[in-house]
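Chemist: My structure is below; once you've seen it, I'll send some questions.
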Amino acid sequence: MHTYIRQLFSRKNTRIFVLGLASIVSCFAVGIRSAGEVQPITLIEAGSADLTGDINDDGTVDLQDVRIILEIAQGYREATPEELKTDPDQDGTLTVDDALRLLATLPAR
Numbered sequence: 012m013h014t015y016i017r018q019l020f021s022r023k024n025t026r027i028f029v030l031g032l033a034s035i036v037s038c039f040a041v042g043i044r045s046a047g048e049v050q051p052i053t054l055i056e057a058g059s060a061d062l063t064g065d066i067n068d069d070g071t072v073d074l075q076d077v078r079i080i081l082e083i084a085q086g087y088r089e090a091t092p093e094e095l096k097t098d099p100d101q102d103g104t105l106t107v108d109d110a111l112r113l114l115a116t117l118p119a120r
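Under our numbering, think of the first position of the sequence shown as 12, with each following residue one higher.
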């Protein structure tokens, strides 16, 4: 039995044990450090592509959309979440600049 304990704590086995322990500790430390860096993935639903600038959701960008943006920008009414999703510059607010951006893209009559 005495020789078995000597074999168990031999220099080779001790090195393997220390190396394994160091590997486990370093993997744990890296895992803890990187766990806070995980970024959640947002869900993108099929068929939810809104036409940018189409505020009234009629399928085209026209003067009616510009008029609605100006009403919202001047405070005559509040924007709905659906209207904010179609914001021309995607900043989450409908402003006079958005109306001018749409006017610049409309064909001349």
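C-beta atoms are modelled at their ideal positions from N, C-alpha and C, and glycine is treated no differently.
Bear in mind the structure is a predicted one, so any value in this text is a computation, not a measurement.
1. Report all residues from its chain with a CB closer than 7 angstroms to the CB of P92; omit the five preceding and five following residues, and keep chain order.
2. Start and end of the alpha helix (DSSP H) containing P92?
3. For the segment 31 to 38 against the segment 65 to 74, are there 3 or more C-beta pairs whose distance is under 8 angstroms?
4. Contact check, P99 vs R112 under 8 angstroms by CB: the rounded distance?
5. Look at the alpha carbon of Q85 and the alpha carbon of V41, and state the distance between them as a whole number of angstroms.
6. Measuring alpha carbon to alpha carbon, tell me which residue in I66, I83 and E82 is nearest D76.
7. My output table needs one value for N67: the three-state DSSP class, helix, strand or coil.
Modeler: With the given structure in hand:
1. Residue mapping note: residue 92 aligns to position 81 of the sequence shown, counting from 1. So the list is empty, once near-sequence residues are dropped.
2. To locate residue 92, count along the sequence shown from 1; it is residue 81. Where P92 is concerned, the enclosing alpha helix (DSSP H) stretches over P92 to K96.
3. Using a C-beta cut-off of 8 angstroms, the segment 31 to 38 makes no contact with the segment 65 to 74, since fewer than three inter-stretch Cβ pairs fall below that distance.
4. Sequence index remark: in the sequence shown, residue 99 carries index 88 (1-based). Sequence index remark: in the sequence shown, residue 112 carries index 101 (1-based). Correct: roughly 5 angstroms between the Cβ atoms.
5. One-based indexing of the sequence shown puts residue 85 at position 74. One-based indexing of the sequence shown puts residue 41 at position 30. Taking the straight line from one Cα to the other gives about 53 angstroms.
6. For the purposes of this step, residue 76 is identified with residue 65 of the sequence shown, where counting begins at 1. Minimum Cα distance to D76 is reached at I66.
7. Here residue 67 refers to the residue found at position 56 of the sequence shown. Coil.
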